[in-house]
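Trainee: Provided herewith is a single structure, encoded as C-alpha cells, for subsequent inquiry.
Protein chains: 4
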Amino acid sequence: MKAVVVNPPNAGVEVRDVPSEPPSQGKVLIRTRLNGLCGTDRGIVSGKLTFSRPPLGYNYLILGHETLGEVVEGNGRLRKGDLVVPVVRRGCGSCLNCNLGRQDFCETGNFTEIGIRGAHGTMREEFLDEERYLVKVPNSLGELGVLLEPLSNVVKALNEVEYVQRRMWWRCGDSTYSCMTAAVLGSGPIGLLFSLALKTMGFNVIVANRRPPSEVESEIVEGIDAKFVNTSEKVDIRPDLLVDTSGHPSAFIPVLPKMKKNGALILFGTTGNESYGMTAEDVTTLVENNILIVGSVNASKSDFEAGVNFLLNWKAKYSNLLEKLITKRVKVEEAPDVLTRKLPGEIKTVIEWK
Amino acid sequence: MKAVVVNPPNAGVEVRDVPSEPPSQGKVLIRTRLNGLCGTDRGIVSGKLTFSRPPLGYNYLILGHETLGEVVEGNGRLRKGDLVVPVVRRGCGSCLNCNLGRQDFCETGNFTEIGIRGAHGTMREEFLDEERYLVKVPNSLGELGVLLEPLSNVVKALNEVEYVQRRMWWRCGDSTYSCMTAAVLGSGPIGLLFSLALKTMGFNVIVANRRPPSEVESEIVEGIDAKFVNTSEKVDIRPDLLVDTSGHPSAFIPVLPKMKKNGALILFGTTGNESYGMTAEDVTTLVENNILIVGSVNASKSDFEAGVNFLLNWKAKYSNLLEKLITKRVKVEEAPDVLTRKLPGEIKTVIEWK
Amino acid sequence: MKAVVVNPPNAGVEVRDVPSEPPSQGKVLIRTRLNGLCGTDRGIVSGKLTFSRPPLGYNYLILGHETLGEVVEGNGRLRKGDLVVPVVRRGCGSCLNCNLGRQDFCETGNFTEIGIRGAHGTMREEFLDEERYLVKVPNSLGELGVLLEPLSNVVKALNEVEYVQRRMWWRCGDSTYSCMTAAVLGSGPIGLLFSLALKTMGFNVIVANRRPPSEVESEIVEGIDAKFVNTSEKVDIRPDLLVDTSGHPSAFIPVLPKMKKNGALILFGTTGNESYGMTAEDVTTLVENNILIVGSVNASKSDFEAGVNFLLNWKAKYSNLLEKLITKRVKVEEAPDVLTRKLPGEIKTVIEWK
Amino acid sequence: MKAVVVNPPNAGVEVRDVPSEPPSQGKVLIRTRLNGLCGTDRGIVSGKLTFSRPPLGYNYLILGHETLGEVVEGNGRLRKGDLVVPVVRRGCGSCLNCNLGRQDFCETGNFTEIGIRGAHGTMREEFLDEERYLVKVPNSLGELGVLLEPLSNVVKALNEVEYVQRRMWWRCGDSTYSCMTAAVLGSGPIGLLFSLALKTMGFNVIVANRRPPSEVESEIVEGIDAKFVNTSEKVDIRPDLLVDTSGHPSAFIPVLPKMKKNGALILFGTTGNESYGMTAEDVTTLVENNILIVGSVNASKSDFEAGVNFLLNWKAKYSNLLEKLITKRVKVEEAPDVLTRKLPGEIKTVIEWK
C-alpha cells in the first residue's frame with residue numbers, strides 16, 4: 000500500500016509502496032481518512048529532529064502521528080465505521096507512570112511514538128493497532144477529529160496548570176476565571192487550540208504574534224471573542240497565564256516581569272533556535288511573585304478523551320468556525336511538497352485519503 | 000406583573016400580580032423564558048421544606064430557582080437578547096468560602112437562595128439581577144439552558160469526586176475511566192444528568208431505580224449507551240462510583256458491601272423519609288476498602304460555566320436526545336396544578352413564559 | 000527459636016519453637032526487640048478475625064505486626080545496630096496502586112500482611128526481611144519505635160483528610176487549624192495517637208469515650224493540652240473533624256448532626272458489633288453541609304517515615320509523656336496470657352525480647 | 000528603648016533610642032530575646048533593596064524580621080514566659096489570598112513586612128503585636144526558635160513542590176522519596192535549612208557551592224548524611240529536585256539539562272546580579288521532560304507552625320547539630336558592624352538581647 004516514508008535521521012521524504020502488516024490477533028484494522036501535518040513532521044523530513052528513528056528492524060519510518068481513521072473490522076468496543084484517533088506515545092513498559100497510562104510522564108525515555116520514533120506512523124492507506132491505543136470519536140464530529148491529536152497535548156498542559164494552581168486561590172471572587180487573562184504566544188494551530196480551550200475555561204484570551212494576523216486568524220480569534228495583538232508593535236500584556244507555543248526564550252522571557260502575581264507560564268513550544276538572557280531581576284520576579292513555569296509534552300489517553308469533549312463543545316458553540324483551522328487539503332501524492340515548506344496562510348494542512 | 004407566589008412555611012401556591020422591582024443601577028433586567036420545576040419547589044408548596052422563607056420585609060416569596068432568561072437591557076458584558084441563567088445561592092458576605100465565590104461551601108448558613116429562602120425567585124415575567132450572578136448561555140443552546148441550574152449541582156458533585164479521588168490512583172491502566180462503573184440510584188432529572196455527565200467522563204454507567212424504566216427513560220439511557228437496572232429485581236451492581244439521588248439510606252447502604260475498593264459514594268438526594276440500619280460490617284467495609292462518601296449541595300458559578308460546556312457537548316453528540324428530558328411544558332396559569340403533584344412519566348416539567 | 004504461634008482461623012495461641020528461616024540473598028537479618036499488641040492480634044487469637052490465615056505451605060502463623068527490631072547484619076543502607084520497623088502489608092504485585100508502593104490501596108485484595116494473613120509475623124526472636132520493607136528508626140527514638148506501626152495508620156488517615164479537604168478552603172483565616180476542633184471517639188492507643196497528631200497539626204482536640212478517663216489517659220490528654228469528654232454524660236461536641244476509632248455506628252452517627260459545615264469524618268475502627276439507624280435526616284445533614292466521610296486502612300512506607308517524624312517531634316516536645324502510652328511490658332512467655340484478655344488500664348502492652 | 004534603626008531607601012544603620020509604643024488593647028507585649036540577621040537586612044542597610052520603606056508617618060524604620068521573643072504579659076492563649084515568633088508579612092486586607100491568611104500569595108502587593116517595608120521590625124528591646132501574628136514556640140526548643148522565620152519560607156516552598164508534583168506519580172516504587180535526589184544550590188542558612196528539611200522528607204540530599212565547604216558546613220552536611228559538592232570542580236549532579244538559593248541564573252540554568260524527567264526546580268534566591276543565556280535547547284529540555292519551576296516567597300502562619308515541627312524533629316534527631324547553624328552571637332551595639340559585612344565562616348549571626 001501507499002505510504003509517506005522517511006529515513007531519519009537523514010533528510011528526505013517519498014511516497015512509496017510499503018508491505019501491509021500481517022493481521023494480528025486482537026488488533027483493529029483501520030483505514031486512514033485524514034492525516035494532519037505539523038512541525039514535527041517537517042522537522043523529521045528536514046533531518047533536524049535527531050531523535051527520530053525507524054522501528055527496530057526497519058531502515059525506514061512511515062511518517063504520521065496526527066490521524067483520523069475509520070474502523071474496517073470491529074471488535075469488542077469498536078464497530079465497523081467508527082471513527083478513531085490513535086494515541087501517539089506508547090509506554091516504556093517499565094516505569095511507574097507508563098504503567099498508569101501516563102506515558103506522557105515516562106521516566107525512562109524508552110517509549111516509542113508512532114510516526115516519530117521507533118514505531119510506524121499513520122500516513123498510509125491503513126494500519127493495525129491495539130484497541131487500548133485507540134480513542135473513539137463521535138461520528139457527529141466528522142473530520143474535525145483530525146484535530147484531536149494536537150488538541151490532546153493542549154488539554155494535558157491545561158490540566159497541569161489547573162491542578163498545580165490549586166496551590167493557592169487562583170480564581171476570581173466569583174470562583175470563575177472571568178477576571179483573568181491568558182496570553183498565548185504564537186498563532187499556529189497549537190496557539191489557536193490553546194486559545195479556544197482557554198476561552199472555554201472562561202479566561203479572557205489574547206493571541207500574540209510578531210506580525211499582524213492573517214485573515215483566517217482574525218476570523219477565528221474574533222469568532223471566539225479573543226483578541227489578537229501584534230507584539231512587533233508596542234503592546235502591554237499583563238497575563239495571569241502565559242502560554243508559549245513558540246519555543247523562543249526571546250518571546251516569553253520579556254513578558255515575565257509583566258505577569259500577574261501567582262501566575263503561571265506553560266512552556267509548550269520547542270522549535271526556537273536562539274539564546275536569550277535571563278537576568279537576576281527576572282529570577283527575582285519569579286520568586287517574589289510565586290510564579291510557576293511548567294514544561295508540558297504529549298498527552299495521556301484521558302487527555303484525548305477530554306479533547307473530544309472540547310471539539311464537540313466548539314462544534315455546537317462556534318458552528319463552522321472550527322473547520323477554518325484546516326486551511327488546506329492535499330492528496331497523498333502532494334505530501335512531499337507540503338512536508339518540505341510551510342504554506343502561506345497555513346494553519347493546519349491535512350492529507351486526504353480516498 | 001404575574002408571578003408564582005408562595006407563603007412559606009405555610010403550604011399553598013398562587014399565580015398573582017406582584018409589583019415590579021424599581022430599576023437599580025448596575026442591575027440587569029431579564030425577561031423570564033422558562034422555569035424548571037423540581038422537588039424543592041414542590042416541597043415549598045407543600046409546606047414541608049421548613050427552611051423556606053420570604054425575603055426580609057415581605058410576607059410572600061416568589062418561587063423559582065431553575066431559570067432561563069433573556070437580557071432585556073444590556074450592560075458591559077451582557078447584551079440585549081443574551082440568554083442567561085442566574086445562580087441560586089448568594090453568599091453570606093462574611094465567611095471565607097463565600098468570599099471566594101464558593102457560597103456552596105458557606106460556613107455560616109447565612110446565605111440566601113432565590114426562590115427558596117430569603118430572596119425572590121424567577122417565576123415571574125421579569126426580574127433584575129446583578130451581572131455577577133448571571134451565567135451567559137450560548138444562543139446555540141436555546142431552551143436547553145433551563146437544564147443548567149440542576150446540572151450545575153451535578154457538576155459540583157463530580158468535581159468534588161474527581162478532586163478527592165486523586166488521593167490515590169483511581170483510573171484504569173490507560174489513564175481513563177473506561178474500566179470503571181458508576182451506578183446512579185434514581186432516574187429523575189438529577190439522576191439522568193449525573194448519568195450523562197459520568198458517561199462523558201468515560202465511565203460505564205448504570206442507572207438504577209426500584210421499578211422498570213419509563214419509555215423516555217429507556218430512550219435516554221439507551222441513547223447514551225448506559226444501562227438501566229430495576230433494583231426491585233435481583234441485580235448485581237459492583238460500582239466504583241455510586242451516586243445516590245434518592246436520599247434513602249435504604250437505597251445506598253445495601254450497596255456499600257458491593258462497592259469496589261477505593262470507591263466513592265456521592266450523597267446528593269435529601270428527600271427520603273426513613274431510617275435504615277448501618278451495621279458494624281458496613282463500617283468495616285468502608286474502612287477496609289478506603290471508601291469515601293461525600294455529601295454535595297449546590298454549586299459555584301464556575302460549576303454553572305462547566306455545565307454550559309456539558310450541555311453544548313451533549314447537544315453536539317446526542318442531537319435531540321436532550322430535549323426529551325423536558326417532558327412537559329405548561330403555561331404559568333397551570334403552575335399551581337403541576338406544583339402540587341408529580342406528573343406521570345415526568346422528567347422535567349417547565350413553565351413557558353410568552 | 001521461640002515464637003508466638005496461632006492457627007487461624009482456629010482460636011488459640013502458644014509460645015513454641017519454630018525453625019529459623021534459611022539466610023536469603025539480599026534479605027536483612029533482624030533481631031526482635033519489642034512487639035506491640037493490638038486488637039487485631041487478640042482478634043486472631045480469639046478466632047474471630049476470619050480473614051487471618053497462615054502463609055502458603057504452613058499450617059500455623061507466627062503472630063506479630065507491631066515491631067521494633069535491630070539489624071543483626073547490615074547491607075547497603077542498613078547497618079548493624081540500626082533500629083528498624085517492618086511495614087505490615089506487602090502488595091499483590093499486580094494492581095496499579097501496589098506497584099506504586101501504595102499497597103494500602105490494593106485493588107485486588109491479594110496482598111499479604113505479616114502476622115495477620117498469609118505471611119509470618121515478628122513475634123519471634125529474629126526474622127529476615129527485604130530492605131525495601133524496612134523503615135529505619137533513629138536511635139534517639141529508642142523503644143518508642145514500637146509505636147510506629149500503629150501510628151503509620153493514623154498518619155495515612157490524616158494525610159487522606161488533608162488532601163481531600165483541599166476541595167474547598169478548610170482552614171482558619173490565618174491559614175492554620177487553630178479555630179478548628181477535632182474530636183476523637185475512643186481513647187485507646189489509636190485514639191491517643193490520633194489526638195497527638197491532630198494537636199501537632201494545630202487542631203483543638205477532644206478525646207471522647209463512654210466513660211471517665213483512666214489516670215494515664217488523663218495525664219496524656221492533659222499533657223498535650225487536649226480535653227477528655229465522657230460521652231455517657233451530656234456533652235456538646237461540635238467538631239470540624241471527627242475520628243471514629245471505635246467501629247460503632249452508634250458512636251459516630253449521633254454526632255453527624257452536630258458536625259460543622261464542610262467537615263470530615265474518618266472511619267478507622269472496625270471492631271464494633273452492632274447496627275444503628277441512619278435516618279434520612281442524617282443523610283440530609285451530610286448533603287446540605289458538604290460533609291465527607293473517609294474509611295482508612297493500613298499505611299504506605301511513606302506514612303511510616305512521616306510517623307518517625309511525629310515521634311521525634313513528640314519526644315522533643317512532650318519529653319517522657321510518650322513512654323506512658325506503653326502501660327505494660329511482658330516477657331514472651333506471658334504473651335498467651337496478655338493476648339487473651341484486655342488488661343485493666345491498658346493503653347499499649349508490649350512484649351520485650353532479651 | 001534601644002533599637003536598630005535604618006532610613007530606607009538611604010543606606011546606613013545605627014543603634015539609638017526610639018520611643019516605646021503605647022500599650023494597645025488586645026496586643027501582646029513581647030520582649031525580644033534574639034534577632035537573626037539575613038541578606039535582606041544587609042540589603043536594606045546598604046541601600047540596595049529599594050522596596051524597603053519606613054512605616055507611614057515615620058522617617059525611620061526599625062530593622063528586624065527574624066525574631067525570637069518572650070511574652071511579657073499574657074492574654075488568652077499566650078502566657079507570660081511563652082516563646083513566640085512573629086510572622087513577617089501582614090496582608091493587604093483586600094485580596095482573596097490575604098483574607099485566607101495566605102498573605103504570602105498577596106495579589107495586590109499592598110502588604111507590609113515588619114522590619115522590611117512599611118512596618119517596624121523587632122530589633123528593639125520589646126514590641127507589641129497582635130496575637131494572630133504570633134506563633135508559639137515550645138519552650139523545649141529554646142533559642143533554636145530564632146531559626147523559625149527563615150525556616151518558614153523553606154517550608155512554604157517545599158509544600159508548594161509537594162502539592163504541585165502530585166500532578167503525576169513523583170515518588171519511588173515504595174511510595175517514598177528514597178530513590179530521589181534533591182540538590183540545593185547554596186550553603187547559606189537557607190540552603191542548609193532546605194537540606195535538613197529535604198533529608199527529613201526522605202530525599203538524598205546534595206548541597207552545592209562554588210567553593211569547598213567551611214568546617215561548620217562540613218559538620219552539618221555530614222551530620223545529616225547529605226553530601227557537599229564543589230561545583231567549581233567537575234561534578235555530575237542529576238537531581239529530581241533542584242533548589243536554587245543563590246539567585247544566580249548562571250547557577251541553575253546549566254543544571255536544567257541534567258535534571259531528571261518530571262523534576263522540579265524551586266527558585267528561592269533573589270540576590271544574584273547578572274544575566275545568563277537561556278537557550279532554546281534549555282526550553283526544549285523543560286518541555287520534553289515536563290519540568291516544573293516554581294518561584295516561592297514568604298510563608299503563611301501554617302508554614303511557621305510546620306517549621307516548629309521540623310525544629311523539634313531535628314532537635315530530637317540531631318541533638319546539638321542545629322546549634323551549629325548559629326555561628327556568632329553579638330550584642331546589639333555590635334549590630335551596625337555585623338550588618339555591614341558578611342562574617343567569615345558565617346551561617347547565621349544573631350543579636351542577643353539581655
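Protein chains in written order, with numbering that gives the first Met the number 0: chain A, 0 to 353; chain B, 0 to 353; chain C, 0 to 353; chain D, 0 to 353. Cβ coordinates follow ideal geometry from the N, Cα and C atoms, glycine included. Everything numeric in this text was worked out from a predicted model, so none of it was measured.
Just verifying my parser: in three-state terms, what is the DSSP assignment at residue 222 of chain A?
Mentor: helix
Trainee: Measuring CA to CA, which of B:283, B:256, B:246 and B:64 is closest to residue 265 of chain B?
Mentor: B:246
Trainee: Helix or strand or just coil, what does DSSP make of residue 236 of chain D?
Mentor: Here residue 236 of chain D carries a coil assignment [DSSP, helix/strand/coil].
Trainee: When burial is assigned at 16 or more other CB atoms within 10 Å of the CB, is residue 340 of chain B buried or exposed?
Mentor: exposed
Trainee: Rounded to whole angstroms, what's the CA-CA distance from residue 336 of chain A to residue 186 of chain A? Just pull it up for me.
Mentor: Cα to Cα, the separation comes out at about 23 angstroms.
Trainee: So, under 8 angstroms CB-CB, residue 98 of chain B and residue 172 of chain A are touching, yes? Tell me the CB distance rounded to an integer number of Å.
Mentor: 7 angstroms
Trainee: Pull up the CB-CB distance for residue 261 of chain A and residue 161 of chain D, whole angstroms please, since I reckon it's below 8 angstroms.
Mentor: Between residue 161 of chain D and residue 261 of chain A the Cβ distance is about 18 angstroms, and since that is not below 8 angstroms, they are no contact.
Trainee: Nearest-angstrom Cα distance between residue 95 of chain A and residue 164 of chain D?
Mentor: 15 angstroms
Trainee: I need the boundaries of the alpha helix (DSSP H) containing residue 284 of chain A, first residue and last residue.
Mentor: Taken as a continuous stretch (DSSP letters only), the alpha helix (DSSP H) holding residue 284 of chain A covers 279–287.
Trainee: Between residue 321 of chain A and chain C, is the shortest Cβ-Cβ distance under 9 angstroms, so that the two count as touching?
Mentor: no
Trainee: Can you find a CB in chain D that lies within less than 9 angstroms of the CB of residue 36 of chain C?
Mentor: no
Trainee: Can you give, in chain order, each stretch of the beta strand (DSSP E) that sits fully within the stretch 67–97 of chain D and has at least 3 residues?
Mentor: Qualifying beta strand (DSSP E) stretches, in chain order: 82–85.
Trainee: In chain order, what are the residue ranges of uninterrupted alpha helix (DSSP H) at least 4 long that sit wholly in the stretch 150–230 of chain D?
Mentor: 188–200 and 214–222
Trainee: Given that residue 165 of chain A touches chain C, what residues does it touch there, using C-beta distances under 9 angstroms?
Mentor: 165
Trainee: To the nearest angstrom, how far is it from the Cα of residue 116 of chain C to the Cα of residue 114 of chain A?
Mentor: 49 angstroms
Trainee: Which bits of chain C does residue 171 of chain D rub up against, with CB to CB less than 8 angstroms?
Mentor: 100
Trainee: Quick check on the burial criterion: 16 or more other C-beta atoms within 10 angstroms. Buried or exposed for residue 15 of chain D?
Mentor: Here residue 15 of chain D is exposed. Its C-beta has fewer than 16 other C-beta atoms within 10 Å.
Trainee: Spatial neighbours of residue 364 of chain D within its chain, please: C-beta separation below 7 angstroms, excluding the five flanking residues on both sides.
Mentor: Residue 364 of chain D cannot be examined here, being either before or after the span of chain D that is shown, 0 to 353.
Trainee: I believe residue 240 of chain B touches residue 263 of chain B by the beta-carbon criterion, under 8 angstroms. Please report the beta-carbon distance rounded to the nearest angstrom.
Mentor: 5 angstroms
Trainee: According to DSSP, is residue 306 of chain C helix, strand or coil?
Mentor: helix
Trainee: If you scan the stretch 5–66 of chain A from start to end, which runs of the beta strand (DSSP E) of 3 or more residues do you find wholly inside it?
Mentor: 12–16 and 26–35
Trainee: For residue 199 of chain C, return the contacting residues in chain D, with the cut-off set at a CB-CB distance below 8 angstroms.
Mentor: 308
Trainee: Go to residue 126 of chain B, then tell me how far its beta strand (DSSP E) extends in each direction, as first and last residue.
Mentor: 125–129
Trainee: Is residue 168 of chain B close to chain D? Criterion is C-beta to C-beta, closer than 9 angstroms.
Mentor: Answer yes: the Cβ-Cβ gap between residue 168 of chain B and chain D drops below 9 angstroms somewhere.
Trainee: Return no unless some Cβ of chain F is closer than 9 angstroms to the Cβ of residue 295 of chain A.
Mentor: You won't find chain F in this structure, because its protein chains are A, B, C and D.
Trainee: Indicate the three-state DSSP secondary structure (helix, strand or coil) for residue 254 of chain D in the structure shown.
Mentor: Helix at residue 254 of chain D.
Trainee: Can you name, in chain order, every residue of its own chain whose Cβ lies under 7 angstroms from the Cβ of residue 34 of chain D, other than the five neighbours on each side?
Mentor: 63, 65, 66, 121, 122, 349 and 350
Trainee: Could you tell me whether the stretch 0–12 of chain A touches the stretch 327–335 of chain A, where touching means 3 or more Cβ pairs closer than 8 angstroms?
Mentor: yes
Trainee: Round the Cβ separation of residue 326 of chain C and residue 215 of chain C to the nearest angstrom and send it over; I've been treating them as touching at under 8 angstroms.
Mentor: 6 angstroms
Trainee: Would a check of beta-carbon distances place residue 273 of chain C closer than 9 angstroms to chain D?
Mentor: no
Trainee: Our contact map puts residue 196 of chain C next to residue 236 of chain C with C-beta atoms below 8 angstroms; I'd like the distance itself, whole angstroms only.
Mentor: Not confirmed; about 19 angstroms, so no contact.
Trainee: Please confirm if residue 315 of chain A has its CB atom under 9 angstroms from at least one CB of chain B.
Mentor: yes
Trainee: Which whole-angstrom value describes the C-beta separation of residue 29 of chain D and residue 70 of chain D, a residue pair presumed to lie in contact below a C-beta threshold of 8 angstroms?
Mentor: 6 angstroms
Trainee: Using only the alpha-carbon positions, how far apart do residue 134 of chain C and residue 150 of chain C sit?
Mentor: 13 angstroms
Trainee: Once the 5 residues before and after residue 49 of chain D are set aside, which same chain residues still bring their CB inside 7 angstroms of it?
Mentor: 8
Trainee: Pairs of beta-carbons, one from the stretch 309–317 of chain A and one from the stretch 311–322 of chain B, closer than 8 angstroms: are there three or more?
Mentor: yes
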